[in-house]
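A.B. asks: Quick one: structure below, then a few questions.
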Amino acid sequence: MHAFKNLDYLSPLRKQPVLSVHIVCLGNICRSPIANAVLLDAAKDLTTPKVKVDSSGTGAWHVGQDAAEYSKQVWQEAGYEYEHIAKQFKSDFFQKHDLILAMDLSNRSNLLKFAQSESDKNKIIMFTSFDPGKSQIDPDGKDGNLLSVPDPYGGSIEQFQSVLKIIEQAATGFVTWVRS
Ligand code: 4NP
Numbered sequence: 097m098h099a100f101k102n103l104d105y106l107s108p109l110r111k112q113p114v115l116s117v118h119i120v121c122l123g124n125i126c127r128s129p130i131a132n133a134v135l136l137d138a139a140k141d142l143t144t145p146k147v148k149v150d151s152s153g154t155g156a157w158h159v160g161q162d163a164a165e166y167s168k169q170v171w172q173e174a175g176y177e178y179e180h181i182a183k184q185f186k187s188d189f190f191q192k193h194d195l196i197l198a199m200d201l202s203n204r205s206n207l208l209k210f211a212q213s214e215s216d217k218n219k220i221i222m223f224t225s226f227d228p229g230k231s232q233i234d235p236d237g238k239d240g241n242l243l244s245v246p247d248p249y250g251g252s253i254e255q256f257q258s259v260l261k262i263i264e265q266a267a268t269g270f271v272t273w274v275r276s
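Structure (structure tokens):
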């Protein structure tokens, strides 16, 4: 059972014909591209709803670029097929997507600043809240940081592999939630 505070908004999404998910990190070259690749694959056989997946970063530094080399390497070695071009998050994405999934608490607080209404805020969820092992963690509580996917930018391949594992657990949980 998830500890989502906005179940009235979230639960009906699973009955829509299309569920549009947008994943956000800081640069859109390390974590959210991996999450994009993994969630696309995890959700590919769902039909009701059909899940659309997209991603961006709150920062503009890498717009137009491919994903970080180690990000691509870890998702390709794990068998995911995905092509990426980095984008920056824009406020009108709140209108275009049903869920805005944050990779860490700092991304979440940036997104909350972009939100212009309660309806926008309802769409902002931590990506890892869908991991059954983390679903009880309150992002605003003392253990909130356990929901953050660590930023691997400039780090070792092992850090990127660890990010992939965290993301895979949450993506599996997301599909379980959609099917439930
Ligand atoms: P990401 O990682 O948010 O997972 O894509 C980063 C990428 C770039 C930067 C920071 C984090 N940067 O400062 O350029």
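Residues in the sequence shown are numbered from 97 upward in steps of one, following the numbering used here.
Beta carbons: idealized from backbone N, C-alpha and C, even for Gly.
Remember, it's a predicted structure, so these values are computed and weren't measured experimentally.
Look at the alpha carbon of serine 187 and the alpha carbon of glycine 237, and state the distance between them as a whole number of angstroms.
C.D. replies: About 26 Å.
A.B. asks: Is leucine 122 near the ligand 4NP, in the sense that its beta carbon is under 7 Å from a heavy atom of that ligand?
C.D. replies: For the ligand 4NP, at least one heavy atom lies less than 7 Å from the Cβ of leucine 122.
A.B. asks: Can you check which of these residues, Asp104, Asn132, Ser202, is closest to alanine 267 by C-alpha distance?
C.D. replies: With distances taken between Cα atoms, alanine 267 lies closest to Asn132.
A.B. asks: Assuming lysine 192 and serine 152 are in contact, meaning their beta carbons sit under 8 Å apart, how far apart are those beta carbons, in whole angstroms?
C.D. replies: So it is not a contact: roughly 11 Å between Cβ atoms.
A.B. asks: Check valine 147 in the structure and name its three-state DSSP category.
C.D. replies: If DSSP states are grouped into helix, strand and coil, valine 147 belongs with the strands.
A.B. asks: Just to confirm the assignment, what range does the beta strand (DSSP E) spanning isoleucine 220 have?
C.D. replies: 220-222 is the span of the beta strand (DSSP E), which, as asked, contains isoleucine 220.
A.B. asks: Below 6 Å CB to CB, which residues in the same chain sit around glutamine 112 once its five sequence neighbours on both sides are set aside?
C.D. replies: For glutamine 112, where only same-chain residues beyond five positions count, the Cβ hits under 6 Å are Pro145.
A.B. asks: To test your reading of the DSSP string, which unbroken beta strand (DSSP E) runs of 3 or more residues are found completely within the region 203-265?
C.D. replies: Whole beta strand (DSSP E) segments, 3+ residues: 220-222.
A.B. asks: Report whether the distance from the Cβ of aspartate 150 to the nearest heavy atom of the ligand 4NP is below 7 Å.
C.D. replies: Answer for aspartate 150: no, Cβ out of range of the ligand 4NP.
A.B. asks: Measuring CB to CB, does alanine 198 end up less than 8 Å from isoleucine 233?
C.D. replies: No, these two residues do not count as a Cβ contact at 8 Å.
A.B. asks: Please name the residue in Gly123, Pro235, Ala139, Lys217 whose C-alpha comes closest to that of serine 116.
C.D. replies: Checking every option, the nearest Cα to that of serine 116 belongs to Ala139.
A.B. asks: What are the start and end residues of the beta strand (DSSP E) that includes alanine 198?
C.D. replies: Counting along the chain, the beta strand (DSSP E) containing alanine 198 begins and ends at 195-198.
A.B. asks: Hey, would you say the C-beta of glycine 160 is under 7 Å away from at least one heavy atom of the ligand 4NP?
C.D. replies: No, the Cβ of glycine 160 stays beyond 7 Å of every heavy atom of the ligand 4NP.
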